[in-house]
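Participant:
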Ligand SMILES: Nc1ncnc2c1ncn2[C@@H]1O[C@H](COP(=O)(O)OP(=O)(O)OP(=O)(O)O)[C@@H](O)[C@H]1O
Ligand SMILES: [Mg+2]
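Numbering (the working numbering), first residue to last: 7 to 306.
(1) Just mark residue 184 as buried or exposed, buried being the case when its beta carbon has 16 or more other beta carbons within 10 Å.
(2) Do you know whose CA, among 32, 113, 45 and 12, lies nearest residue 207's CA?
(3) Can we count residue 28 as close to ligand 1, meaning its CB is less than 8 Å from some heavy atom?
(4) Excluding sequence positions up to five away, which residues of its chain have a Cβ less than 7 Å from the Cβ of residue 160?
(5) Rounding to the nearest angstrom, what Cα-Cα distance links residue 239 and residue 275 in this structure?
(6) Ligand 2 and residue 211: does any heavy atom of the ligand fall closer than 8 Å to the residue's C-beta?
(7) How far does the beta strand (DSSP E) with residue 89 in it extend, from its first residue to its last?
(8) Apart from the five residues on each side of it in sequence, which residues of its chain come closer than 7 Å, Cβ to Cβ, to residue 81?
(9) Indicate whether the contact test is met: 3 or more Cβ pairs, each with one atom in the segment 31-39 and one in the segment 49-59, closer than 8 Å.
(10) Just to confirm, does residue 157 get its C-beta within under 8 Å of one of the non-hydrogen atoms of ligand 2?
(11) Could you pull out every residue in the same chain whose Cβ sits closer than 6 Å to the Cβ of residue 252, ignoring the five residues on either side in sequence?
(12) Could you check if residue 101 belongs to the surroundings of ligand 2, using beta carbon to heavy atom distance under 8 Å?
(13) In chain order, what are the residue ranges of uninterrupted alpha helix (DSSP H) at least 4 long that sit wholly in the segment 120-151?
(14) Beta carbon of residue 48: closer than 8 Å to some heavy atom of ligand 1?
(15) Nearest by alpha-carbon distance to residue 203: which of 11, 16, 40 and 29 is it?
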């Protein structure tokens, strides 16, 4: 669906790039397939945000090309408008995203610019505010929201655009566990509707549990791409990219290694399944069964 071919990006430094110019992306070639959930991992400064901002044309590669549905991305006004209708980005910093006076105004801004009817805009705004659990904040001043509330409002704004691809830069950072779960539920709903999701995160437990594919970035390049199990079983990759092993997988592997648990094929991805595993029950919850099914399918 989206393909980047050898993209490179450099931030200008001060004094015309003489000092402090940073090579933030280095020959990044990746394929994003329709309908899948991607988790993008990597240490601070690895290039995640820079990469994500290329996906809807906010940043333009210094060299290399980007293709959307096989068509090369160009940067004219109309082409960018079309691209941004299809690819929505939730920024790492919600302050950058929100600019209207009230939450409802902010969420309605995108749909209104799509030229939709008043009723349709209203429906989308209400639905996305409810989905993000912030309907009661609709008349509040954006400026005075807490950080987590701002993040949720920014997510609602992008959902209301109903794009084909949603790019989320650390969407759960700073959220409490209830809102984190809520946002993950929203993502599941979007995934069910066929929306392609690409999320950067430092939460490897979430990436392991949630993603169909994991992309690891390191020093502006791609260090690895694979299923969660492939990536999180690669000790060398985890070490070199400063990524910690998901807790469920770590405990599972240690129990197997110490002979305290027999490997019966299904590998747990969530806490409850690990407990079932310990109880000798391999009939995991549907989430893990489905996840393991996907793994097998992808490995073929
Ligand atoms: N506006 C900018 N001007 C100059 N350099 C920048 C700018 N934004 C990012 N960089 C540099 O580019 C590199 C990649 O940064 P980027 O923000 O993409 O990393 P990241 O993986 O998103 O990190 P984090 O996990 O901290 O969000 C870093 O070395 C960073 O210092
Ligand atoms: Mg970032």
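From the three backbone atoms N, C-alpha and C, an ideal C-beta is built for every residue, glycine too. Note that this is a predicted model, so its numbers are computed, not measured.
Facilitator: Straight from the coordinates:
(1) Taking the chain shown and counting its residues from 1, one reaches residue 184 at position 178. Exposed.
(2) The residue labelled residue 207 in the question sits at position 201 within the chain shown. Comparing Cα-Cα distances from residue 207 to each of 32, 113, 45 and 12, the minimum goes to 45.
(3) By one-based count along the chain shown, residue 28 stands at place 22. Because some heavy atom of ligand 1 lies under 8 Å away, the Cβ of residue 28 counts as near it: yes.
(4) One-based indexing of the chain shown puts residue 160 at position 154. Answer for residue 160: 96, 97, 100, 103 and 104, listed in chain order.
(5) Mapped onto the chain shown, residue 239 falls at position 233. Mapped onto the chain shown, residue 275 falls at position 269. Their Cα atoms are separated by approximately 13 Å.
(6) Taking the chain shown and counting its residues from 1, the one referred to as residue 211 is at position 205. No, the beta carbon of residue 211 sits no closer than 8 Å to any heavy atom of ligand 2.
(7) Sequence index remark: in the chain shown, residue 89 carries index 83 (1-based). Element bounds for residue 89: not the beta strand (DSSP E) but the alpha helix (DSSP H), 83-92.
(8) The residue given as residue 81 occupies position 75 in the chain shown. Closer than 7 Å at the Cβ level, and outside the excluded window around residue 81, lie 63 and 66.
(9) yes
(10) Translated into positions along the chain shown, residue 157 becomes position 151. No, the beta carbon of residue 157 sits no closer than 8 Å to any heavy atom of ligand 2.
(11) Sequence index remark: in the chain shown, residue 252 carries index 246 (1-based). Cβ neighbours of residue 252 beyond the five flanking positions: 210, 211, 214 and 238.
(12) Here residue 101 refers to the residue found at position 95 of the chain shown. Result no, Cβ not under 8 Å from ligand 2.
(13) 124-137
(14) As a position in the chain shown, residue 48 is number 42, starting the count at 1. At least one heavy atom of ligand 1 is nearer than 8 Å to the Cβ of residue 48, so yes.
(15) Here residue 203 corresponds to residue number 197 of the chain shown, with the count starting at 1. Measuring from the Cα of residue 203, the nearest candidate turns out to be 40.
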